[in-house]
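Here is the structure we will look at.
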Amino acid sequence: MVLSPTDKSNVKATWAKVGNHGAEYGAEALERMFMNFPSTKTYFPHFDLGHDSAQVKGHGKKVADALAKAVGHIDNLLDALSDLSDLHAHKLRVDPVNFKLLSHCLLVTLALHLPAEFTPSVHASLDKFLASVSTVLTSKYR
């Protein structure tokens, strides 16, 4: 999916508003995903998946850091996320649909925390960006 200059601007501006809350929002999105899509828990059998779990918070930070890297390399997602794609495809063998589920939960989380910024056009830009990230993360499955 090709991101327009407006999409890129919207994504960068929104991620700047996330600021130091990335790890918190990442953990919240993961909790939301585990609650609403229980099948996603199968990839975390060794985690305490309870509310405020240190392990979920730690993974939420990893998610947020990966997205921050993607935002910083928005014009070259393939190279920026190549290692993560390898990890998820070859070592973890995560079902690609889970990236879409997490993307949805991230959108909900951002909408809840940034309601003034979450306009329809920003929503569409973030959705396109997360779909692009998901496509890159699943590129090594083929």
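Each residue of the sequence shown is one higher than the last, beginning at 101 in our numbering. The beta carbon of each residue, even a glycine, is placed where N, CA and C say it ideally should be.
Assigned secondary structure, residue i (DSSP; H/G/I helix, E/B strand, else coil)
i: S225; result: helix
i: R132; result: helix
i: E124; result: helix
i: S203; result: helix
i: H213; result: helix
i: D186; result: helix
Burial state of residue i, where buried means 16 or more other Cβ atoms lie within 10 Å
i: N110; result: buried
i: V102; result: exposed
i: L201; result: buried
i: S225; result: buried
i: Y241; result: exposed
i: N198; result: buried
i: G126; result: buried
i: L206; result: buried
Backbone CA spacing between residue i and residue j [nearest angstrom]
i: W43; j: N136; result: The question about residue 43 has no answer, for the chain in this structure spans 101 to 242.
i: P105; j: V208; result: 24 angstroms
i: L187; j: R193; result: 8 angstroms
i: A154; j: K161; result: 11 angstroms
i: K108; j: I174; result: 7 angstroms
Candidates the options: closest to residue i by CA position
i: A189; options: V171, L237 and G122; result: L237
i: L233; options: G150, V163 and K141; result: Note that residue 233 corresponds to Val in the displayed sequence, not to Leu. Checking every option, the nearest Cα to that of V233 belongs to V163.
i: L130; options: H159, S139 and K112; result: H159
i: L212; options: D152, K112, R132 and N176; result: R132
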